[in-house]
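Working notes, structure below.
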Amino acid sequence: MLVYLDNSATTQPYSQVLEAMVDCYNINYGNPSSLHKMGVEAEKKVKVARNKIAASLKANNNEIIFTSGGTESNNTAIFGSAKALKRSGKRIITTCIEHPSVLNACKVLEEQGIDVKYLGVDGNGLIDIEEIEAYLNDDTSLVTIMHANNEVGTIQPIQDIGGIKKKRENVYFHVDAVQTYSKIPIFPKYMEIDLLSISAHKIHGPKGIGGLYLNNKVNIPPLIYGGQQENRLRSGTENVPGIVGFEKAVDKSFSNLEKHVLKINEVKAYFLNNIKDAIKDIKINSFEDQRCVPHILNISFLGVKGEVLLHMMEQSDIFVSTGSACSSKKKGQSHVLKAMGLNDEEIEGAIRFSFSEFNSIEEMDYVLEHLEKHVKNIRKILRK
Ligand code: PLP
8 MLVYLDNSAT TQPYSQVLEA MVDCYNINYG NPSSLHKMGV EAEKKVKVAR
58 NKIAASLKAN NNEIIFTSGG TESNNTAIFG SAKALKRSGK RIITTCIEHP
108 SVLNACKVLE EQGIDVKYLG VDGNGLIDIE EIEAYLNDDT SLVTIMHANN
158 EVGTIQPIQD IGGIKKKREN VYFHVDAVQT YSKIPIFPKY MEIDLLSISA
208 HKIHGPKGIG GLYLNNKVNI PPLIYGGQQE NRLRSGTENV PGIVGFEKAV
258 DKSFSNLEKH VLKINEVKAY FLNNIKDAIK DIKINSFEDQ RCVPHILNIS
308 FLGVKGEVLL HMMEQSDIFV STGSACSSKK KGQSHVLKAM GLNDEEIEGA
358 IRFSFSEFNS IEEMDYVLEH LEKHVKNIRK ILRK
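Heads up: the sequence shown begins at 8 in the working numbering, then just goes up one per residue.
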């Protein structure tokens, strides 16, 4: 049995996504900028996808641009806002648990003289909203805060942050919603969000395609210059197969959203309840209620090296993660767990299980059996 529990890193594409993409390569391979009917056909497909994604966010069609994924959307939002609001503000407020595509962009801006304030988090990975109020001044151009964290799943109070930001003009509010889009409702217009990043491969769509919502009031310069596609904000021939695949993933995940979330909740709850009985000396690092996204569960196995456990699980055809996919090949500890105040043993023994609608209770029984065995073996070896 193969059990894939690394759905925060990426997901298995829906078969409908792949079929639609193959058609785009075989039949509808025109360039949307071409004037002939193959070009017009491709342009229509991009329009249908843009409309579908806009509708899923209750946004206008002209408020969505396609990018190469969450990383590019975050970079476009952050560098664009910093440049656009250069005259009115030199401060950015973010958190110390953001994805590297936010943290590293902020670091570059810091080197250019921008004053970046990094909000800390409590033991559950939650920011303190009062800290935002304290930092928000007339010199602030951007507040950029993730909707849910990719390592532990904690959901931030985005609506309340939007409420604070509302009182300030000339401040853009950007939200990295890569881990929440199509999992929990997010409607930027009703939450005072100006910019919002999403990515297709986290929702059973293709890799290398994502989107950025920019409300009509936002006016930022592009990162990439050229033929002025995507409302002049993202030049380059559109990734039509990717866009079409993204549209199919949105269609399928949103039309069955409640059913999928129920299924994921059921599988995760079964796994969580049983693991507590089966394995001693563990620490649950994720909220066990609705303050955590449905698909993420982070657990520390004390006296175990997470990386060793990951590879032992791999031998049983079970695929998990020690942290976020982007940082797992880097040496060093998880910046998220560190910020939450976990000690070295808890950080080193942490495993992220991330679920999808494709997981089943039978799979969880298989995982629990192998997990119990491998944890026991590692503890035995390490104690010697
Ligand atoms: N933001 C978050 C919270 C993520 O989890 C990820 C991917 O792991 C990204 C951004 C980057 O998205 P992409 O892989 O589409 O560039």
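All C-beta atoms in this analysis are idealised placements derived from N, C-alpha and C, irrespective of residue type, glycine included.
Using the C-alpha atoms, what's the distance from residue j back to residue i?
i	j	result
Asp372	Phe278	8 angstroms
Val247	Ile85	25 angstroms
Ser281	Ser323	Correcting the residue type first, residue 281 is Asn in the shown sequence and not Ser. Each residue's Cα considered, the two are about 19 angstroms apart.
Cys31	Leu344	42 angstroms
Asn366	Asn38	38 angstroms
Asn58	Glu379	47 angstroms
Asn305	Leu42	51 angstroms
Ser361	Asn223	35 angstroms
Val311	Gly77	32 angstroms
Leu316	Leu116	38 angstroms
Lys287	His377	15 angstroms
Val53	Met319	44 angstroms
Gly215	Gly249	7 angstroms
Ser40	Val47	8 angstroms
Ala346	Lys51	46 angstroms
Ala357	Val274	20 angstroms
Leu269	Leu221	31 angstroms
Gly130	Gly348	6 angstroms
Just to confirm, are residue i and residue j a CB contact at a threshold of 8 angstroms?
i	j	result
Glu105	Gly217	no
Glu138	Gly169	no
Val251	Tyr179	no
His208	Glu364	no
Lys97	Asp145	no
Asn4	Ser341	Examination of residue 4 is not possible in this model, given that the chain is present from 8 through 391 alone.
Leu149	Ser206	no
Asn33	Ala49	no
Thr329	Gly339	no
Leu143	Ile100	yes
Met8	Glu355	no
If I'm right that residue i touches residue j with Cβ under 8 angstroms, what's the distance once you round it to whole angstroms?
i	j	result
Gln163	Ile171	In fact, because the Cβ distance is near 12 angstroms, the residues do not count as touching under 8 angstroms.
Val327	Arg359	7 angstroms
Leu219	Leu202	6 angstroms
Arg298	Thr161	7 angstroms
His211	Gln19	6 angstroms
Ile289	Ser307	6 angstroms
Glu353	Leu389	About 15 angstroms separates the two Cβ atoms, so there is no contact after all.
Glu237	Ala56	The Cβ separation is near 12 angstroms, so there is no contact.
Ile227	Lys93	Between Lys93 and Ile227 the Cβ distance is about 11 angstroms, and since that is not below 8 angstroms, they are no contact.
Checking the sheet assignment: what are the DSSP bridge partners for residue i?
i	result
His181	Thr151 and Leu202
- Can you find at least 3 beta carbon pairs, one from the segment 258–278 and one from the segment 103–117, that sit closer than 8 angstroms? no
- Query: Hey, is the segment 64–76 in contact with the segment 119–132, meaning 3+ C-beta pairs nearer than 8 angstroms?
  - Reply: no
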